[in-house]
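And the structure:
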């Protein structure tokens with residue numbers, strides 16, 4: 206077997222390994238920029254400055270590390286072994302430069318809350334159910350938390366931003382939409398139960414638990430049918446509130462994209 210073919214076979218069979226290069230850990234799938242050593246041939250000059258993806262790491266008998274790479278924009282990149290050897294190149298660690306991976310998307314939680322047995326108080330749940338299953342943006346999660354305020358307060362941990370959707374009485378016409386950016390220091394010191402579930406109560410508990418995201422937005426809808434806790438149950442949204450669900454779902458989706466991209470809260 207020719208030396209080049211033997212080396213190629215040994216590289217392809219080697220188990221994936223990690224390589225520390227200047228404090229950066231490189232492994233199979235890591236992105237690098239190619240910097241072939243000076244004085245190389247025409248191929249080296251052609252590859253200089255190109256971006257590639259590591260496919261294997263090995264050491265020769267002298268203990269010198271080599272990496273096998275394929276060009277990032279190579280249309281034959283997904284052909285696997287069928288593209289060898291013309292699409293695969295080998296370099297020493299001195300000839301590659303680690304490239305930062307794209308920044309991870311910010312984590313955003315969209316939480317619909319409310320009691321579906323109390324008329325328009327189920328608005329947030331209705332919006333969440335409209336959005337569940339949609340692919341809005343990387344890092345965005347949709348949740349129907351209903352009256353599980355304690356669960357939501359704990360769930361906020363680890364998120365960079367949160368959007369809470371609920372029925373929010375503000376003295377406006379039923380179906381009116383409110384966008385509220387609360388002060389992180391705000392929060393009602395009230396127990397969370399099925400009759401006192403509201404965004405500020407959740408945020409107050411999350412703050413005390415040390416789990417409050419940096420960016421917070423409350424998207425509320427003015428209720429029409431809003432029974433008192435001690436009154437009879439009433440399922441279903443009133444016509445003006447039901448009519449607002451789709452529009453608010455779009456507003457929330459746009460907000461989630463904005464927060465995921467790090468644009469901050471409206472007016473922030």
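Numbering (the numbering used here), first residue to last: 206 to 473. Even for Gly, the Cβ is constructed at its ideal location relative to N, Cα and C. A quick note: this is a predicted structure, and the numbers were derived from the prediction, not measured.
C-alpha distance - residue i paired with residue j, whole-angstrom precision
| i | j | result |
| --- | --- | --- |
| residue 334 | residue 405 | 22 angstroms |
| residue 465 | residue 264 | 41 angstroms |
| residue 342 | residue 311 | 10 angstroms |
| residue 240 | residue 302 | 7 angstroms |
| residue 408 | residue 460 | 19 angstroms |
| residue 286 | residue 293 | Interpretation of residue 286 is limited by its pLDDT of 49, a score under 50 that renders its predicted location unreliable; the figure taken from the coordinates is listed afterwards. Going from the Cα of residue 286 to the Cα of residue 293 covers about 10 angstroms. |
| residue 373 | residue 417 | 21 angstroms |
| residue 258 | residue 234 | 6 angstroms |
| residue 387 | residue 438 | 30 angstroms |
| residue 279 | residue 295 | 15 angstroms |
| residue 256 | residue 345 | 30 angstroms |
| residue 253 | residue 231 | 19 angstroms |
| residue 361 | residue 243 | 53 angstroms |
| residue 223 | residue 456 | 44 angstroms |
| residue 368 | residue 262 | 44 angstroms |
| residue 340 | residue 365 | 18 angstroms |
| residue 463 | residue 267 | 52 angstroms |
| residue 445 | residue 384 | 18 angstroms |
| residue 238 | residue 225 | 16 angstroms |
| residue 431 | residue 229 | 57 angstroms |
Nearest to residue i (by Cα), restricted to the options the options
| i | options | result |
| --- | --- | --- |
| residue 272 | 297, 451, 223 | 297 |
| residue 269 | 299, 228, 381, 462 | 299 |
| residue 419 | 468, 267, 292, 294 | 468 |
| residue 313 | 421, 471, 439 | 421 |
| residue 349 | 329, 365, 367, 260 | 329 |
| residue 274 | 304, 236, 305, 267 | 236 |
| residue 403 | 370, 415, 260, 376 | 370 |
| residue 458 | 410, 317, 441 | 317 |
| residue 305 | 332, 227, 471 | 227 |
| residue 441 | 331, 337, 413, 453 | 331 |
| residue 353 | 470, 431, 411, 260 | 411 |
Those residues which DSSP pairs with residue i across a bridge
| i | result |
| --- | --- |
| residue 225 | 230 |
| residue 425 | 371, 383 |
| residue 346 | 314 |
| residue 262 | 272 |
| residue 301 | 239 |
| residue 351 | 318 |
Whole-Å CB distance - residue i paired with residue j, under 8 angstroms assumed
| i | j | result |
| --- | --- | --- |
| residue 351 | residue 319 | 7 angstroms |
| residue 454 | residue 276 | Their Cβ separation, rounded to whole angstroms, is 42 angstroms, which puts residue 454 and residue 276 out of contact at 8 angstroms. |
Near the ligand FMN: residue i beta-carbon under 6 angstroms from a heavy atom
| i | result |
| --- | --- |
| residue 462 | This structure lacks the ligand FMN, and indeed carries no ligand of any kind. |
Counting Cβ pairs closer than 8 angstroms, one from the stretch 241-259 and one from the stretch 324-336, do we hit at least three? no
Would you be able to state if there are at least three C-beta pairs under 8 angstroms between the stretch 439-450 and the stretch 348-363? no
Flag this pair as touching only if the stretch 423-433 and the stretch 366-380 have three or more C-beta atom pairs under 8 angstroms; answer yes or no. yes
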